[in-house]
Amino acid sequence: MGSGVGDRAIAATPQEVMAQLDAASTRKDVKAVMQFYSADFSNSDGLNATSLAKSLTQLWQQYPNLTYRTEVKSATPVASGVQVETMTYVTGQQERNGQQWTIESTLRTRQKLQGDRIVRQDILAEQTVLKLGEKPPTVKVNLPESVQVGQKFNFEAIVQEPVGDDFLMGTIVSETVQPTLFASQKTMQIEFPSIAELLSDRELSRPASTPPNVQRLKLQRLRAGGFFKQGQAAKIPETRWISAVLARHDAGVTITTQRLRVVNKSEVNRTASLPNL
């Protein structure tokens, strides 16, 4: 594979554009990747060409061996370009403090291409699964891709293996998706309950100080085999990442993050679902 400029010179169809973009992303060549984005690029998360390049650089510093594969699901001619719906699969590993994490991510997007440059990108659905340990739990998540403003919705994150007498621990994290999150990616710090807390089912007092670049995830013992919650969407359109962190004692941790779009009524259920990871 040649330079980014050379790659662009032979791009003709959306399939070829996405294949070359995958290749540049897999080799972590930010300059070559950005050759496929217009200087006026924008996306539904508020990123532009500059902030996208910065977020990719930070992501690849954290996960230096990600592999990208994109499937073009449809390509429709529109005014001054082509509207393309794609499914992108990202896999990789990361070592933190001597521990190996694995990552699997699925991203479904709608993009407008002018020639071989992406000028607009809307993220329709997203799911990411991080796993740590020898036997991280298999987790099935039930969450709608989109809900109407103000609507109630169910969120379930269910461990598929029998729990038996083992300790199951977890927490839920909900964050609004905004450009500042991409510009300040944090290191996760998972805080397990102590043996005394597990046995007494009572939380003990601990120092709460957390460095600004660390996201503290404090786990609690769960009585059921996962989470079964009901939420209510905001009264205005927004996008949230909802994460379930689930761990078995001395076995492993699974963090499943899924995107929830809070939209106006006309947009609900306009698109198909992600495949299960």
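Under the working numbering, the first residue of the sequence shown is numbered 1343, with each subsequent residue one higher. We put the beta carbon where it would ideally sit given N, CA and C, even for glycine.
Exercise for the section: Report buried or exposed for Ser1447, applying the criterion of at least 16 other Cβ atoms within 10 angstroms of its Cβ. Expected result: Buried.
Handout entry: CA-to-CA distance, Met1376 to Ala1395, given in whole angstroms
Key = One C-alpha to the other measures close to 7 Å.
Practice task
Could you check which residue in Leu1564, Val1505 and Val1501 has the C-alpha nearest to that of Thr1596?
Solution key: The option with the nearest alpha carbon to Thr1596 is Val1501.
Handout entry: Arg1450 and Leu1466 closer than 7 Å at C-beta
Key = Between Arg1450 and Leu1466, the CB-CB gap stays under 7 Å.
Practice task
Please state if the CB of Gly1512 and the CB of Val1587 are separated by a distance shorter than 7 Å.
Solution key: Taking 7 Å as the Cβ cut-off, Val1587 and Gly1512 qualify as a contacting pair.
Exercise for the section: State the Cα-Cα distance for the pair Gln1357 and Asp1508, rounded to the nearest angstrom. Expected result: Gln1357 and Asp1508: Cα-Cα distance of roughly 48 Å.
Practice task
Counting only the same chain and skipping the five closest in sequence on each side, list residues whose C-beta sits under 8 Å from that of Lys1571.
Solution key: In the same chain as Lys1571, and ignoring 5 residues on each side of it, the C-beta atoms closer than 8 Å to its own belong to Asn1496, Phe1497, Glu1498 and Ile1514, in chain order.
Practice task
Please determine, among Gln1403, Arg1452, Val1461 and Gln1425, the residue with the shortest C-alpha to C-alpha distance to Arg1438.
Solution key: When the alpha-carbon of Arg1438 is set against those of Gln1403, Arg1452, Val1461 and Gln1425, the nearest one is in Gln1403.
Handout entry: Contained beta strand (DSSP E) runs [length at least 3] in the region 1438-1486, N- to C-terminal order
Key = Entirely contained in the region 1438-1486, the beta strand (DSSP E) runs reaching 3 residues are, in chain order, 1441-1456, 1459-1474 and 1481-1484.
Exercise for the section: Using the Cα positions of Asn1407 and Gly1506, report the straight-line distance between them to the nearest angstrom. Expected result: Roughly 36 Å separates the two Cα atoms.
Exercise for the section: Determine the closest residue to Glu1487 out of Glu1468, Thr1480 and Lys1477, with distance taken between C-alpha atoms. Expected result: Closest option to Glu1487, Cα to Cα, is Glu1468.
Practice task
Within the same chain, show all residues whose beta-carbon is closer than 6 Å to that of Ser1667, passing over the 5 residues directly before and after it, in chain order.
Solution key: The shown model of the chain, from 1343 to 1619, leaves out residue 1667, and the question about it has no answer.
Practice task
Would you decide whether Gly1440 is buried or exposed? Buried here means 16 or more other CB atoms lie within 10 Å of its CB.
Solution key: Around the beta-carbon of Gly1440, fewer than 16 other beta-carbon atoms lie within 10 Å, marking it exposed.
Practice task
Measure the C-alpha to C-alpha separation of Gln1574 and Thr1444 and round it to an integer number of angstroms.
Solution key: CA-CA distance, Gln1574 to Thr1444, rounds to 31 Å.
Problem - Asp1382: first and last residue of the uninterrupted beta strand (DSSP E) it sits in - result: In the DSSP assignment, Asp1382 falls within the unbroken beta strand (DSSP E) covering Tyr1379 to Asn1385.
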